[in-house]
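In my numbering, the protein residues as written are 6 to 588.
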């Protein structure tokens, strides 16, 4: 008997060791999510105004994602990343979660951190959430993240980390937490630096017997509160004296601080011996809002439109993927890829099994990206909002648009950069990249100035004219609020030549395909009303959950309505009793 017990114990230990070895062999996953950055705001797309040497070096040494698509707003984009589904299939397609609105990403959805944690990963969110917090069970550490350091709302002040709703009679409230507890001790630290320091701490203290899954979700370059929207460290802003516009100059300082953060994060991975088994994905959640609500002076030029529009400027995202596990590196990818694809792609790269019932919209593109395969045609529903009444759809290179936002105010080409505002360092651009911190971290893999210039040229968008055709010809005019339009992005990436009048049959085909998506869409989960119980005055000066009695995805709204009904009944009963007592 003792021998049998010893045998069973030995088998158990060996199985445990095998499981640990299998788990620790999985790659670390680091997603660096930038907020509201334009395609023309990184220098690897050709701009000489704001140089981003560390971000560029990451792209040039990995895969520069030249056809990367995302939903056109913060909340839908983040929901898409974590679920692998279009917003129309999670109910997150209509607008963003406003601070005091009682709704969030439905609990029925299983998220990327949950799936990776089940596969043995240590899961962390640093920075922005914006997927609901009105109930405690909707917050990050209740949705698969072991740890959260950051904020729940769409934005905060970069220094005091408060949210001030200037159109409500609410108290200004702190929105900064370490897990579930308020974190006022971070007050005064610039948000990008606070999040970078936390990311470094997580990496440095990481138990390497488990793989790391971390989403570093920056506030930058989203604006802060409306009374002080543009904030950057003065020493970063001072680097951009060549930019005349003060708002754009501050924006450049915000970008520069982000670029430093990328280098510091990569350095921490290398110093802790984790870089050689890591996958690093960097991208912006949507296009920049050049004008209008929360405008930050970002540029999506020469793409048309901006954040929260159906045009390429709202849905094309600057992005890069780096890993030593990629079989091919140092190239520009023209494979159309969407935020829906990252869950299955990263799971495929990491060997994380996915349940069959997830019903993902995305596909695993790791083999295609790793081996630099010939681009495959894709079909994407970019936006389908029944409430605002617009849609944006792409089948291979054909792009369909019906309706728009803000009455079409931002349907043109925004953010063209001023001439003669190049960074003086751009004269030696290639040398600047080779001398960057990230390049020194990644080491010499044969990257040369010539190769940098070649990749940069390939990733710089031009707007070619159709042979002998004038884009101002009335037959090419697109007024999506009056009638639907379509474009051939292969020949017209800047959406200047509407082909609807020339090819009505193709237009009708595309419209019918959009209807197929419409029929299968989940109703919007948004609850567009303010709930005064969110006021920080009721929560010790903090923004936090205010209805913690229900856990079902729709139960909280039912409960809120029930309390309203009960209150009305009690009021009616009291008035009857008062009347009877008077009689």
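Yeah, the Cβ is synthetic: ideal placement off N, Cα and C, and Gly gets one too.
Checklist entry - Can you list, in chain order, the residues of its chain whose CB lies under 7 Å from that of residue 91, leaving out five sequence neighbours each side? => result By one-based count along the chain shown, residue 91 stands at place 86. Counting only Cβ-Cβ distances below 7 Å, and skipping sequence neighbours, we find 85, 345, 366, 386.
Next on the checklist: Please report the straight-line C-alpha distance between residue 350 and residue 329, rounded to a whole angstrom.
Outcome noted: In the chain shown, counting from the first residue as 1, residue 350 sits at position 345. In the chain shown, counting from the first residue as 1, residue 329 sits at position 324. One C-alpha to the other measures close to 16 Å.
Next on the checklist: On the CB-based measure, 16 or more other CB atoms within 10 Å of its CB, does residue 185 come out buried or exposed?
Outcome noted: One-based indexing of the chain shown puts residue 185 at position 180. Residue 185 comes out exposed.
Checklist entry - Beta-carbon separation of residue 552 and residue 140 under 7 Å? => result Your numbering for residue 552 matches position 547 in the chain shown. Your numbering for residue 140 matches position 135 in the chain shown. Contact check for residue 552 against residue 140 passes: the beta carbons are separated by less than 7 Å.
Item to check | residue 483 (DSSP reduced to helix, strand or coil) | outcome: In the chain shown, residue 483 corresponds to position 478, counting from 1. Coil at residue 483, not helix or strand.
Checklist entry - Just the Cα atoms here: how many angstroms apart are residue 293 and residue 78? => result Position 288 of the chain shown, counted from the first residue, corresponds to residue 293. Position 73 of the chain shown, counted from the first residue, corresponds to residue 78. So the alpha carbons of these two residues sit roughly 10 Å apart.
Checklist entry - So, helix, strand or coil for residue 384, using DSSP? => result Start at 1 with the first residue of the chain shown, and residue 384 comes out as number 379. It is a strand residue.
Item to check | One or two residues paired with residue 187 in a DSSP bridge | outcome: As a working note, residue 187 is residue 182 in the chain shown. Beta-bridge pairing links residue 187 to 182.
Item to check | Start and end residues, alpha helix (DSSP H) containing residue 153 | outcome: Your numbering for residue 153 matches position 148 in the chain shown. First-last for residue 153: 152-156, but that is the beta strand (DSSP E), not the alpha helix (DSSP H).
Checklist entry - According to the neighbour-count rule (16 or more other Cβ atoms, all chains shown, within 10 Å of its Cβ), is residue 274 buried or exposed? => result Here residue 274 refers to the residue found at position 269 when the chain shown is read from its first residue. Buried is the call here.
Checklist entry - Does the Cβ of residue 214 have 16 or more other Cβ atoms within 10 Å, making it buried, or fewer, making it exposed? => result Mapped onto the chain shown, residue 214 falls at position 209. Flag for residue 214 reads exposed.
Checklist entry - Would you say residue 102 and residue 137 are within 7 Å of each other, going by their C-beta atoms? => result For the purposes of this step, residue 102 is taken as residue 97 along the chain shown, with counting starting at 1. For the purposes of this step, residue 137 is taken as residue 132 along the chain shown, with counting starting at 1. Taking 7 Å as the Cβ cut-off, residue 102 and residue 137 qualify as a contacting pair.
Checklist entry - Among 312, 161, 228, which has the Cα closest to the Cα of residue 100? => result In the chain shown, counting from the first residue as 1, residue 100 sits at position 95. Answer by Cα proximity: 312.
Checklist entry - Is it right to say residue 285 is buried, meaning 16 or more other beta carbons lie within 10 angstroms of its own, or is it exposed? => result Start at 1 with the first residue of the chain shown, and residue 285 comes out as number 280. With 16 or more other Cβ atoms within 10 Å, it is buried.
Checklist entry - According to DSSP, what are the bridge partners of residue 128? => result Stepping through the chain shown from its first residue, residue 128 is reached at position 123. In the DSSP assignment, residue 128 forms a beta bridge with 218.
Checklist entry - Helix or strand or just coil, what does DSSP make of residue 399? => result Translated into the one-based positions of the chain shown, residue 399 becomes position 394. Strand at residue 399.
Checklist entry - Are three or more beta carbon pairs between the segment 229-240 and the segment 26-45 nearer than 8 Å? => result no
Checklist entry - Around the Cβ of residue 116, are there at least 16 other Cβ atoms within 10 angstroms (buried) or fewer (exposed)? => result Within the chain shown, residue 116 is the residue found at index 111, counting from 1. Label assigned to residue 116: buried.
Next on the checklist: Count Cβ pairs between the segment 59-71 and the segment 239-253 that sit closer than 8 Å; are there 3 or more?
Outcome noted: no
Checklist entry - Apart from the five residues on each side of it in sequence, which residues of its chain come closer than 6 Å, Cβ to Cβ, to residue 408? => result Looking up residue 408 in the chain shown gives position 403. The residues are 394, 395, 485.
Checklist entry - Are three or more beta carbon pairs between the segment 41-55 and the segment 298-317 nearer than 8 Å? => result yes
Checklist entry - With distances taken from CA atoms, which of 93, 88, 106 is nearest residue 114? => result Translated into positions along the chain shown, residue 114 becomes position 109. When each option's Cα is compared against that of residue 114, the closest is 88.
Item to check | Straight-line gap, residue 337 to residue 322 (C-alpha atoms, nearest Å) | outcome: Residue mapping note: residue 337 aligns to position 332 of the chain shown, counting from 1. Residue mapping note: residue 322 aligns to position 317 of the chain shown, counting from 1. Spanning the two alpha carbons is a distance of roughly 14 Å.
Checklist entry - Can you tell which of 150, 270, 263, 540 has its C-alpha closest to the C-alpha of residue 56? => result To locate residue 56, count along the chain shown from 1; it is residue 51. The candidate whose alpha carbon is nearest that of residue 56 is 263.
Item to check | residue 492 (DSSP reduced to helix, strand or coil) | outcome: Here residue 492 corresponds to residue number 487 of the chain shown, with the count starting at 1. Residue 492 falls in the strand class under three-state DSSP.
Next on the checklist: Need the endpoints of the beta strand (DSSP E) that residue 327 sits in, please.
Outcome noted: By 1-based counting over the chain shown, the position of residue 327 is 322. Residues 324-327.
Next on the checklist: Do residue 372 and residue 401 have their beta-carbon atoms positioned less than 7 Å apart in this structure?
Outcome noted: Residue numbering aside, residue 401 sits at position 396 when the chain shown is read from its first letter. Residue numbering aside, residue 372 sits at position 367 when the chain shown is read from its first letter. It is not a contact, given that the beta carbons lie outside the stated cut-off.
Next on the checklist: Once the 5 residues before and after residue 493 are set aside, which same chain residues still bring their CB inside 7 Å of it?
Outcome noted: Counting from 1 along the chain shown, the entry for residue 493 is found at position 488. Correct list, in chain order: 402, 403, 504.
Item to check | residue 343 vs residue 164 beta-carbon contact at 7 Å | outcome: Here residue 343 refers to the residue found at position 338 of the chain shown. Here residue 164 refers to the residue found at position 159 of the chain shown. Taking 7 Å as the Cβ cut-off, residue 343 and residue 164 do not qualify as a contacting pair.
Checklist entry - Using 8 Å as the Cβ pair cut-off and three pairs as the minimum, do the segment 149-158 and the segment 175-185 touch? => result yes
Checklist entry - residue 548 to residue 296, Cα distance in whole Å? => result On the chain shown, residue 548 is found 543 positions in, with the first residue counted as 1. On the chain shown, residue 296 is found 291 positions in, with the first residue counted as 1. So the alpha carbons of these two residues sit roughly 28 Å apart.
Checklist entry - Closest by CA to residue 537, which one among 550, 272, 525? => result Residue 537 sits at position 532 when you count from the first residue of the chain shown. Ranking 550, 272, 525 by Cα distance to residue 537 puts 550 first.
Checklist entry - Does DSSP put residue 195 in a helix, in a strand, or in coil? => result In the chain shown, residue 195 corresponds to position 190, counting from 1. Correct three-state label for residue 195: coil.
Checklist entry - Which partner residues of residue 289 appear in the DSSP bridge assignment? => result Sequence index remark: in the chain shown, residue 289 carries index 284 (1-based). Beta-bridge pairing links residue 289 to 39.
Next on the checklist: Runs of 4 residues minimum, wholly inside the segment 205-272: which ones carry the alpha helix (DSSP H) assignment?
Outcome noted: Complete alpha helix (DSSP H) runs here, min 4: 239-242.
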